[in-house]
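K.L.:
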Amino acid sequence: MITSNQSTSANNNYSKLKSFTYKYIYLVIILVFVVALTFLSPHFFSYNNFINIFRQVSVNFILGVALTYVIITAGIDLSVGSILAFAGVTAGLFLRTGGNFILAILIALLIGSICGLINGILVSKAKLAPFIATLGMMSIARGLALVVTSGNSITIDNVNYTFLGSGIIYSIPMPVIIAIIVLLISSFVLKKTWFGRYLYAIGGSHEASRLSGIKVDKLIMITYTISGFLSGLAAVVLTARLWSAPPIAGQGYELDAIAAAVIGGASLMGGKGTILGTLYGAMVIGIIRNGLNLLGVSSFLQQVVIGVIIILAVFLDKMRNKGE
């Protein structure tokens, strides 16, 4: 009996250790990385650098929220970066004709929402695998962005529009303010509304959710539409910050967004994920990218590092689910 109790206690301790490792390994990595950067780069712990990190993380966080919603339903959206580009150049072209900046913002949000809705219809009604449906949209949206611009970047000089990306209010950059608003609203929806509860239920089991009366197909369409809407919002923030709308904008952003969500605790199996966790994941990636830039690491090698992080995130997600 004593041996049995000791064995059970040992197993419990081992499970707790594994859970702790899966949950905080990235925090340990970041702490080590930050300590190293303090010695290797005198510019890392500066006010301007941290403002720059927060400004750059904002776009990835917004896209990460989009992916978090989709991943919770056991889906995936590979098209967010391309939708960002298409929505951005559409808004840029409208502004170039002298259009109102508010209408330009609404156009970007509308384009993103329509693309997301199409994804949702393909997944929920046509029963295409999310990977295939959004991979197709990724190609379509990117192609359209290149076609309507002939491959050229669109210059944006409307100061009201660019204020959303480069403006500052009480020492806080506008992209950060927008990201905070997204954080508060999206967290509230997931935690405090029936919509959020239903998303978690759908991620746990589509069939069980249907049997319990949840309109699974309708909610999946709404979820992908939200993802598209947030991609359009990210397009506004990014193009306003750059003062231009390049058709190649957002390339690879979908991978950073997926990594942010998974690092933050979202499970690719569905049913798990939090917005605060996604913020944590986005900060991990943002700090690593910023540190590598300060150290003069090439953008090509940075992609290798991010790829390793994504593989590690998916591996830990798999092990975490296996342990549970």
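Going by numbering that gives the first Met the number 0, the first residue of the sequence shown is number 0, and it counts up by one from there.
Ideal Cβ positions, reconstructed from N, Cα and C, are used throughout, including at glycine.
Predicted model only: the values in this text are computed from it and were never measured.
Starting from A65, follow its DSSP beta bridges and name the residues at the other end.
P.N.:
BP columns for A65 are empty, so no partner.
K.L.:
Is T154 helix, strand or coil by DSSP?
P.N.:
Strand at T154.
K.L.:
Run through the DSSP bridge pairs and tell me what S243 is partnered with.
P.N.:
DSSP, once it has assigned bridges, lists T154 as partnering S243.
K.L.:
Where DSSP assigns a beta bridge to I168, which residues make up the other side?
P.N.:
I168 pairs with I171.
K.L.:
Closer than 8 angstroms by C-beta to S243: which residues in its own chain qualify, once you throw out the five before and the five after it? Chain order, please.
P.N.:
Contacts found: G91, S152, I153, T154, I155.
K.L.:
Tell me, please, whether the CB atom of T67 is closer than 9 angstroms to any CB atom in chain B?
P.N.:
The chain inventory of the structure shown lacks chain B, comprising one protein chain alone.
K.L.:
Put A272 into one of helix, strand or coil per three-state DSSP.
P.N.:
The sequence shown places Gly at residue 272, rather than the Ala named in the question. Coil, per DSSP.
K.L.:
Considering only the alpha carbon of each residue, which of T67, L77, G290, D216 lies closest to V31?
P.N.:
The residue with the shortest Cα to Cα distance from V31 is G290.
K.L.:
Please state whether DSSP places I213 in a helix, a strand or coil.
P.N.:
Note: I213 maps to coil in three-state DSSP.
K.L.:
What residue from R209, S226, T273 has the CA that sits closest to N118's CA?
P.N.:
Considering only alpha carbons, the answer is S226.
K.L.:
Given this structure, state the Cα-to-Cα distance separating Y169 from K214, to the nearest angstrom.
P.N.:
Each residue's alpha carbon lies about 44 angstroms from the other.
K.L.:
How should K126 be labelled, buried or exposed, when 16 other C-beta atoms within 10 angstroms of its C-beta is the threshold for buried?
P.N.:
Looking at its Cβ environment, which holds fewer than 16 other Cβ atoms inside 10 Å, K126 is exposed.
K.L.:
Can you tell me the Cβ-Cβ gap for I71 and A265, rounded? I've got them flagged as a contact below 8 angstroms.
P.N.:
Right, the Cβ-Cβ distance comes to about 7 angstroms (below 8 angstroms), so this counts as a contact.
K.L.:
Please state if the CB of S230 and the CB of A128 are separated by a distance shorter than 9 angstroms.
P.N.:
For A128 and S230, no; Cβs fall outside 9 angstroms.
K.L.:
What do you get for F60, buried or exposed, if any count of 16 or more other CB atoms within 10 angstroms of its CB means buried?
P.N.:
The residue in question, F60, is buried, as its Cβ has 16 or more Cβ neighbours within 10 Å.
K.L.:
For V69, which residues in the same chain have their Cβ closer than 7 angstroms to its Cβ, ignoring the five residues on either side in sequence?
P.N.:
For V69, where only same-chain residues beyond five positions count, the Cβ hits under 7 angstroms are I75, D76, T222, Y223, S226.
K.L.:
When DSSP labels each residue in this structure, what does Q55 get in the three-state scheme?
P.N.:
If DSSP states are grouped into helix, strand and coil, Q55 belongs with the helices.
K.L.:
Counting only runs of 4+ residues fully inside the segment 81-152, write out the alpha helix (DSSP H) ranges in chain order.
P.N.:
Fully enclosed alpha helix (DSSP H) runs of 4 or longer: 100-123, 129-148.
K.L.:
Cα separation between L66 and D216?
P.N.:
So the alpha carbons of these two residues sit roughly 18 angstroms apart.
K.L.:
Which residues in the same chain have their Cβ closer than 6 angstroms to the Cβ of L137, if we skip the five residues on either side of it in sequence?
P.N.:
Reading off the sequence shown, one finds Met at residue 137, where the question assumed Leu. Same-chain partners within the cutoff: L77, S78, S81.
K.L.:
Could you tell me the distance, in whole angstroms, from the CA atom of F49 to the CA atom of Y197?
P.N.:
Distance between the alpha carbons of F49 and Y197: 37 angstroms.
K.L.:
DSSP on F43, reduced to helix/strand/coil?
P.N.:
Three-state result, F43: coil.
K.L.:
What is the C-beta distance between S185 and V304, in whole angstroms, given that I count them as a contact (C-beta under 8 angstroms)?
P.N.:
That belief does not hold up - the Cβ atoms of S185 and V304 are roughly 28 angstroms apart, past 8 angstroms.
K.L.:
Which residue's Cα is closest to the Cα of F38: I171, Q302, L293?
P.N.:
Closest by alpha carbon: L293.
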